[in-house]
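Report on one structure; see the data block that follows.
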Amino acid sequence: MALAGRTAMRWARLRSPWPAAVPLRLPACLPAGPVACERLYSSSGKEKLDMSMYPVESIRNFSIIAHVDHGKSTLADRLLEITGTIAKTDCNKQVLDKLQVERERGITVKAQSASLFYSHEGVNYLLNLIDTPGHVDFSYEVSRSLSACQGVILVVDANEGIQAQTVANFYLAFEAQLAIIPVINKIDLKNADPERAEKQIEKLFDIPIDECVRISAKQGTNVEKVLQKVIEKIPPPHCNTADPLKALVFDSTFDHYRGVIANIALFGGEIQKGHKIVSAHTKKRYEVNEVGILTPNEQPTHKLYAGQVGYLIAGMKEVTEAQIGDTLFLYKQPVEPLPGFKSAKPMVFAGMYPVDQTEYNNLKSALERLTLNDSSVTVHRDSSLALGAGWRLGFLGLLHMEVFNQRLEQEYNMSVILTAPTVPYKAILSSAKLIKEYGKAEITIINPAQFPDKLSVSEYLEPTVLGTIVTPHEYIGKIIALCQDRRAVQKDMLYIDEHRVMLKYLFPLNEIVVDFYDALKSLSSGYASFDYEDAGYQAADLIKMDILLNGNPVEELATIIHNDKAYATGKFLCERLKDAIPRQLFEIAIQAAIGKKIIARETLKAYRKNVVAKCYGGDITRRMKLLKRQAEGKKLMRKIGNVEVPRDAFIRVLKRQTDK
1 MALAGRTAMR WARLRSPWPA AVPLRLPACL PAGPVACERL YSSSGKEKLD
51 MSMYPVESIR NFSIIAHVDH GKSTLADRLL EITGTIAKTD CNKQVLDKLQ
101 VERERGITVK AQSASLFYSH EGVNYLLNLI DTPGHVDFSY EVSRSLSACQ
151 GVILVVDANE GIQAQTVANF YLAFEAQLAI IPVINKIDLK NADPERAEKQ
201 IEKLFDIPID ECVRISAKQG TNVEKVLQKV IEKIPPPHCN TADPLKALVF
251 DSTFDHYRGV IANIALFGGE IQKGHKIVSA HTKKRYEVNE VGILTPNEQP
301 THKLYAGQVG YLIAGMKEVT EAQIGDTLFL YKQPVEPLPG FKSAKPMVFA
351 GMYPVDQTEY NNLKSALERL TLNDSSVTVH RDSSLALGAG WRLGFLGLLH
401 MEVFNQRLEQ EYNMSVILTA PTVPYKAILS SAKLIKEYGK AEITIINPAQ
451 FPDKLSVSEY LEPTVLGTIV TPHEYIGKII ALCQDRRAVQ KDMLYIDEHR
501 VMLKYLFPLN EIVVDFYDAL KSLSSGYASF DYEDAGYQAA DLIKMDILLN
551 GNPVEELATI IHNDKAYATG KFLCERLKDA IPRQLFEIAI QAAIGKKIIA
601 RETLKAYRKN VVAKCYGGDI TRRMKLLKRQ AEGKKLMRKI GNVEVPRDAF
651 IRVLKRQTDK
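First residue of the sequence shown? That's 1 in UniProt numbering, and the numbers climb one at a time after it.
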């Protein structure tokens, strides 16, 4: 009876009508209307836009470029507000910076695009804006973004003036032959000096003062004038809708449900749902499921036309299928592939290993998805006796490495061991046997374990960079001393104005990769800025330094360094290991060696029992006999005992020396 009653109640519950809909409260900082709904729902019932209203003549594609913290993202927020793309609210701060790491650090890491609709003199314009990072480590993102643009807004802080990355980004745009609109930002600050910034722009970039636009992105002053300049100065894209489809993939992300979402710029033709497209890189065929524009959220459209920038979903399930720089074209209508992008050149290498080897496959999957979104990272399989199977990753700089690690933790919940950063060296071989083995006379060394012996090498080469330092003149003496300590060679020195100096130095990359930037900021009270570009390789007196524990080399702790720095580095590593390795029942000799020569040593004393505790006076020979027997036992133990270096000791020594 009880069973029948329970069954009846269950049926009654199933047949009962759904509870009345609870009204949904939107957070205060989400704009009302369709934009808010699109943020909260990804339903297929979105209204599709008709993009045929915007012919090529009324399209402007542009990027915002600047040094770190000069106000790029704030200007992008104001442009989105003025064009009505997002509603005006107090919490519109870094709207395009969507990653958690960007909001925490207050910097832009990924270039983000947004389409703006703006009416000027009775004509409707489609403005495609790309907000770019300002830090030197993410300059690859900037150069990639510029390939989809015809012009740039160059933002300069009225308080700081031109800084190192301003110069680097200007030349990226200048070499790409883009229209440049100089904008002086932060004119509302108490110490702002827009006249000085304008003179610097005229002196360094040869842009007339009257072309500069003075704005305050935070308060919105004069920002409308920037939009008018974009329409007047930046040319429309050079392409035609009548041409066959030619689309450049300039960015991509991975969605667990929809697969790869590719950001595309159309250089010819048109694309819509149902079209059959082919990838020039993989030669695979796909059917287009959805096309649209970013406003900055995804907004589906009926079609995308030549000159427009948007996104495409075509059922690409594998992360390797959407190569950044790839060209897409219609099936049976092949076109000449676009030149794509020059592959990023890694400047810093580090080993990455899972904390637990059972997480290896999960970490592999996370790395594949994250490198799809950040294509400048290079990945090579690697393994270590102490840390197990892992990868050796190449990054564009130290901040890039830290941000990549942080994104792995935040977006994929992965904990990893990241070893100390190293740089890629080269060796010119003289041994015929080794040349035959490698198939070439010049080899690249990214792991110290591969370092060839000096007898079989005619010359070692180390990577160099051309560094640009912009600093107030009162810090010149300290900065020159710092550069000389890092084996740098001065190439140029130019006074930008009466207060600021631009120094150019040729640095060995190994000397600046870890703590140079921190030391520079410390010496200059935070006023100096630093930027660098690759300058090839130069001959150097390099050596491989091994760390020995009781005479046995530890492969993971081997390092490649310049001969001049060998003693100091060897002493530091030995001291660090002495603190990290637990004491044993026998003495451990920790040595730094170059070939057969020992250059530094620390001794880890053994645990020892007090064998003479039972001797209460008596003959001295009794004490000596007991101590001698103990010493012989320790000697035998040392011969047959292996030093087991615990995993956490490796991690403490190999991790970047933050307390150096």
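We put the CB at the ideal spot given by N, CA and C, even for glycine.
Name, in chain order, the residues that DSSP records as bridge partners for D531. T468
Compute the beta-carbon to beta-carbon distance between M347 and V423, rounded to the nearest angstrom, for a pair I have assumed lies under 8 Å. 7 Å
Can you list, in chain order, the residues of its chain with a C-beta nearer than 7 Å to that of G397? Leave out the 5 residues immediately preceding and following it. V136, D137, M347, V348
H275 classed as buried or exposed, judged by whether at least 16 other C-beta atoms fall within 10 angstroms: buried
Applying the 10 Å Cβ sphere with the 16-neighbour rule, what's the burial state of E198? buried
Assuming R60 and P236 are in contact, meaning their beta carbons sit under 8 Å apart, how far apart are those beta carbons, in whole angstroms? 7 Å
Expected contact under 8 Å - CB spacing of C149 and I184 to nearest Å: Wrong, their Cβ atoms sit about 21 Å apart, outside the cutoff.
Helix, strand or coil for K203 per DSSP? helix
State the start and end residues of the unbroken alpha helix (DSSP H) segment that holds Y311. Unbroken run through Y311 is the beta strand (DSSP E), 309–313; no alpha helix (DSSP H).
Assign Q308 to one of two classes, buried (16 or more other C-beta atoms within 10 Å of its C-beta) or exposed (fewer than that). buried
What distance in whole Å lies between the Cβ atoms of Y311 and A262, which are believed to be in contact at a cut-off of 8 Å? 7 Å
Exposed unless 16 or more other CB atoms sit within 10 angstroms - verdict on L40: Any reading at L40 is ruled out, since the residue's pLDDT is 34, under 50, leaving its predicted position unreliable.
Would you grab the beta carbon distance between G259 and L245 for me? Rounded to a whole angstrom, and I think it's under 8 Å. About 20 Å separates the two Cβ atoms, so there is no contact after all.
What number of angstroms, rounded off, separates the C-alpha of F516 from the C-alpha of V355? 29 Å
Taking buried to mean at least 16 other C-beta atoms within 10 Å of its own C-beta, is H380 buried or exposed? exposed
In chain order, what residues of the same chain have a beta carbon less than 8 Å from the beta carbon of I479, not counting five sequence neighbours either side? I469, T471, L503, L520, L523, S524, A528
According to DSSP, simplified to helix, strand and coil, what is P582? coil
Reference A558, options I428, L509, F451, closest by Cα: F451
Note down the Cα distance separating M316 from E368, rounded to an integer number of angstroms. 14 Å
Residue environment, C615, which counts as buried when at least 16 other CB atoms sit within 10 Å: exposed
Would you check if there are 3 or more beta carbon pairs closer than 8 Å linking the stretch 101–120 to the stretch 176–194? no
So, is T444 buried or exposed, given that buried needs 16 or more other C-beta atoms within 10 angstroms? exposed
Within its chain, find whatever has a CB closer than 7 Å to the CB of residue 662; leave out the 5 residues flanking it on each side and keep chain order. Residue 662 lies beyond the range of the chain shown here (1 to 660); nothing can be said about it.
Could you give the residue range of the beta strand (DSSP E) that holds H400? Unbroken run through H400 is the alpha helix (DSSP H), 398–412; no beta strand (DSSP E).
Select from E195, V403, A580 the residue whose C-alpha is nearest the C-alpha of residue 669. Since the first residue of the chain shown is 1 and the last is 660, residue 669 is not available in this structure.
Looking at C-beta atoms only, is the number of pairs between the stretch 291–300 and the stretch 111–119 that lie closer than 8 Å three or more? yes
Under a three-way DSSP split, which group does H281 fall into? coil
CB contact flag (V68, I153, <8 Å): no
Find out if the Cβ-Cβ distance for the pair E602, K578 is shorter than 8 Å. yes
Given L24, which residues of its chain have a CB within under 6 Å of its CB, disregarding the five upstream and five downstream residues? At L24, the pLDDT of 38 sits below 50, so the modelled position is not reliable; the number obtained from the coordinates is stated separately. Result list for L24: empty, nothing under 6 Å.
Are G134 and R500 close, meaning C-beta to C-beta below 8 Å? no
Outcome for A265 when other beta-carbon atoms lying within 10 angstroms are tallied against a minimum of 16: buried
Residue ranges of each alpha helix (DSSP H) within the stretch 297–381, 4 or longer: 360–373
For Q163, count the other beta carbons within 10 Å of its own beta carbon; 16 or more makes it buried, fewer makes it exposed. Which is it? buried
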